[in-house]
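Everything on this sheet refers to the single structure shown next.
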Amino acid sequence: MNFSKSRACVIACLLALGTATTALPADAAPTRYEAENATISQGVVESNHAGYSGTGFVNGDNVAGSFTEWTINAPAAGTATLAFRYANGTGADRPSDIAVNGTTVAAARSFPATGAWTTWTTITLTAQVNAGTNTIRATATGAGGNPNWDYLDAEVQSSNFTDYQAESATISQGVVESNHAGFTGSGFVNYDNVTGSSVEFAVSAAAAGTQSLTFRFANGTTTDRPMTIAVNGTAVATARSFPGTGAWTTWQEISVNAPLNAGGNTVRATATTDNGGPNLDRLRVTGPGDTEKPTSPGQPTCSDITHNALTLAWPPSTDNIGVAAYDIYYLGQQIATAPASPYRLTGLNPNFSYQLSVFARDASGNVSLSSPEANCKTLPAPADDPPSQPGQPTVSGVQSASATVTWGASTDDNGVRAYLVRDNATNAVLATVTGTPPATTASVPLECAHTYQVHVVARDSANQLSTPSAPSASFTTGSCGTVPQTPASVAGGWDVPWDISWAPDGTYALVTERDTFKVFKITPSGTKTQVGTVPNVQTTDGEGGLMGLDFSPTWNGTTDQEVFFMHTASEGNRVVKMNFNGTALSGYATILQGIDKNRYHNGGRIRFGPDGYLYVTTGDAQQSSNAPDLDSLNGKILRITKTGAAAPGNPFGTRVYSYGHRNPQGLAWDSAGRLWESELGNSSRDELNLIQPGKNYGWPTCEGTCSTSGMTNPKYTWSVSEASPSGIAIVNNTVFMAALRGQRLWRIVLNGENVSTVNSYFNGTYGRLRAVEKVPGANAIWFGSTNSDNNGDGSADTIRRSNIQ
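Residue numbers for the sequence shown follow our numbering, beginning at 515 and rising by one.
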């Protein structure tokens, strides 16, 4: 093709052909700025180390404060991706403050050793830039100075296109990798070397029409790796050429023009030869995507209620393109998807109160805010025969924290729905076994050094219980350490105590109340005093409100009075700081906004880590597409400074530390400095995760353990009926996890990066448990009930102390 032709002519030709042979320049393609052409302070241009681009590189003086400043031009204001190519032949990190237009956007950003001065690598971060001229300055923060700078690639994302990362797409016969530099996002897809391997993107368009689909790829071989591009199942380019690019670190773009529908579309790139596809980095689609959420549905109402079904109706939502479906939630759990109102819900529990809310969803995956809530109760089940009595259980394989229980099956005229293994002395449910039919054997978590008899009860589809089986023979579990002892009350009369944070000197703690927005000071002896109310908090009538808090690690009440909170506000969720002098809260400053909210899935835990930076859990705000999207702050664990900026060393140069989370809750570090997190699942599995920087924890592709490439599996999972986890604390490398629906305290013994033993305590004794925190200087925890929330029995809550022995 003759590229002296006008762009308009080229596009016309491509439309006629239905394909493109070479990428057209994108409206905001990366622009390279060589370091030797930048402004240099305390440094020189050299060319004595091979592998650089342009005419040389910048060797800064080995002093703190030496800098290189590039002047870049942005065609429009927006988010810029800044890729710094550098070499560091020392064995030490050479951190640098990265400033945009005089404002530091990445303090002491790590530029680690590359192994040799001739080994060049790229580190990428994002920042907001203005339309027109901008300055990007890299200033050495250590006496070693900066690394050698080769160039800066700057790319500004504007509303003229939308990027879709390949690693977040649906992958068939391929893996997510990050071993070749220069990719955007968190990695790229390495196709399996087979015909038919593919990557499929979910793409949205604000309007119907032909748009340019630009694939960024690398092909380090000399052999073409053609792919067929299909839009909404129809091929728009067959066996499209993706030729060699010279190296796996050399990325190029190829464009295809194709018609898109308004709203949601699929774009699939499928390998057509046994060599598979090239390494695929991303898809860029010209034109804005559909980002407008539907309006909230109206007040739902219930009718035609039976013992196991009801009809739910609601005033419909509106959307700029159209509502595709409605998701129906019981509290924070999705129980149905409806095409329209009304909708018949079936398979419900009899004589059970349901708090139901409706969310509208369009074809692009945009989800509305919540409808008002409907409170509906099913009728009692009609009389029928309860299940027969199960056979007497036998117990084998008794360990210190578990045993295997086996029993004879029950029968029922409508089928057994579940078996409950119960403590014969207290009737506390130790395990629930479900299935069709449910199994008649189970590994049951038990308390250490405890003598048991157990019995089994069958439950049918009408929630009727059988006569309990005869009890098992008596047995005693072995002893073990780090066991929670019978707790003592610290203070009662709480209204949903959401979080506990101890003052650095350990003399008292602060406690937040989610729904009253109040903050209390409480001493170890139980003296409780309100110290203030956090302003600007709004409830979501669900899981939002005043949530996490933590003291500044250097708080002393005088020179450092900073205390940090996360709460729901008018526009979304915020991280804020206030001053606390030991007696009263004052002041208020927002350090981070832009975190979406919804009735449920707001996350909310904040904790300063051993590194002095603030870790923040954010839920997906009931829009699951937020979780894998690295441009969204939702469905993440964030790591920020006290000013709200991205902490140095974050894996993507942004605030994101890990992603792919649904509704992360508890955070705690073990003795080796490893970060552990508890997470609420949707309908099947809750999780305990070992959090590592840059990892994708799977949601919405995975709930619990899965085998999908690029996803990080949890270290342990529970059924949602056993857990619904909230806070966690770690004592002597044992995790203590509060369970809401499970109404117990889980004890999880860690063995390095893995879990060795899991059992539970206080099963049903204190109701729903939420906040749990280690007592400073003691092998003990405080934990709080949350029975006064919208899922509990309305009783006032209590914070208790349990010694760990």
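Ideal Cβ positions, reconstructed from N, Cα and C, are used throughout, including at glycine.
Leaving out five residues before and five after residue i in sequence, what residues of the same chain have Cβ atoms less than 7 Å from its Cβ?
i: A641; result: A594, L596, V614, V619
i: A783; result: S712, V713, F729, M741, I743, G791, L794
i: F517; result: At F517, the pLDDT of 30 sits below 50, so the modelled position is not reliable; the number obtained from the coordinates is stated separately. Cβ neighbours of F517 beyond the five flanking positions: none.
i: G574; result: Q556, G557, S580, T582, A654, G659, N660
With a Cβ-Cβ cutoff of 8 Å, do residue i and residue j count as a contact?
i: N775; j: A838; result: no
i: A1292; j: G1241; result: no
i: D788; j: V708; result: yes
i: T815; j: T892; result: no
i: T1026; j: D1009; result: no
i: S1003; j: Q906; result: no
i: A942; j: Q967; result: no
i: T1053; j: D1029; result: yes
i: G579; j: E550; result: no
i: A627; j: G658; result: no
Let me confirm a value: residue i is counted as buried when at least 16 other C-beta atoms fall within 10 Å, else exposed. Which label applies?
i: C1220; result: exposed
i: S1309; result: exposed
i: S700; result: buried
i: R1199; result: buried
i: G1007; result: exposed
i: V1051; result: buried
i: S1084; result: exposed
i: N865; result: exposed
i: S1185; result: exposed
i: S1299; result: buried
i: E1267; result: exposed
i: Q1137; result: buried
i: P894; result: exposed
i: T832; result: exposed
i: Q468; result: Residue 468 lies beyond the stretch modelled for the chain, which goes from 515 to 1319, so this question has no answer here.
i: A1005; result: buried
i: G565; result: exposed
i: G1195; result: buried
i: S561; result: exposed
i: A956; result: buried
Here's a check: name, in chain order, each residue in its chain whose Cβ is nearer than 6 Å to the Cβ of residue i, leaving out the five neighbours to either side.
i: S924; result: P901, S902, P904, V930, A972, S980
i: T1047; result: F1031, K1032
i: R651; result: F581, E583, A613
i: G696; result: T636, T763, W765
i: T851; result: A839, D841
i: L1181; result: R1119, R1121, Y1129, E1191
i: G1096; result: G1071
i: T632; result: H563, A564, G565
i: A761; result: G734
i: V524; result: Below a pLDDT of 50, predicted positions are generally treated as unreliable, and V524, at 31, falls in that range; the measurement from the model is reported next regardless. Same-chain partners within the cutoff: there are none.
Going by DSSP, what residues sit across from residue i in a beta bridge?
i: Y844; result: Q847, L870
i: T920; result: T908, T955
i: V1245; result: T1248
i: K1209; result: DSSP output for K1209 lists no bridge partner at all.
i: C890; result: Y868
i: Y665; result: E548, R599
i: R1314; result: S1003, F1297
i: W584; result: I650
i: D974; result: V930
i: F1034; result: V1025, Q1044
i: K1150; result: T1132, Y1173
i: L794; result: V703, F731
Assuming the contact rule is C-beta atoms closer than 8 Å, residue i and residue j should be a hit. Round their C-beta distance to whole Å, please.
i: A601; j: N662; result: 5 Å
i: L1259; j: P998; result: 6 Å
i: D804; j: G836; result: That belief does not hold up - the Cβ atoms of D804 and G836 are roughly 10 Å apart, past 8 Å.
i: R1318; j: V1245; result: The amino acid at residue 1318 is misidentified as Arg; the sequence shows Ile. That pair is a contact at about 5 Å.
i: G1133; j: G1174; result: With 8 Å as the limit, G1133 and G1174 do not qualify as a contact, their Cβ atoms being about 12 Å apart.
i: Y1127; j: A1161; result: 4 Å
i: T1104; j: P1178; result: Not confirmed; about 21 Å, so no contact.
i: F873; j: N793; result: So it is not a contact: roughly 37 Å between Cβ atoms.
i: S726; j: N674; result: That pair is no contact at about 10 Å.
i: N834; j: E806; result: 5 Å
Within a Cβ cutoff of 8 Å, which residues of the same chain sit near residue i, ignoring the five residues on either side of it in sequence?
i: A963; result: S914, T990, T991, G992, S993, C994, V997
i: D541; result: Because D541 sits at a pLDDT of 38, beneath the cut-off of 50, its placement in the model cannot be relied upon, and the point is left open.
i: L845; result: Q869, G1056, Y1114, N1304, N1305
Within the 8 Å Cβ cut-off, does residue i reach chain C?
i: I1154; result: The structure shown contains no chain C; it holds only a single protein chain.
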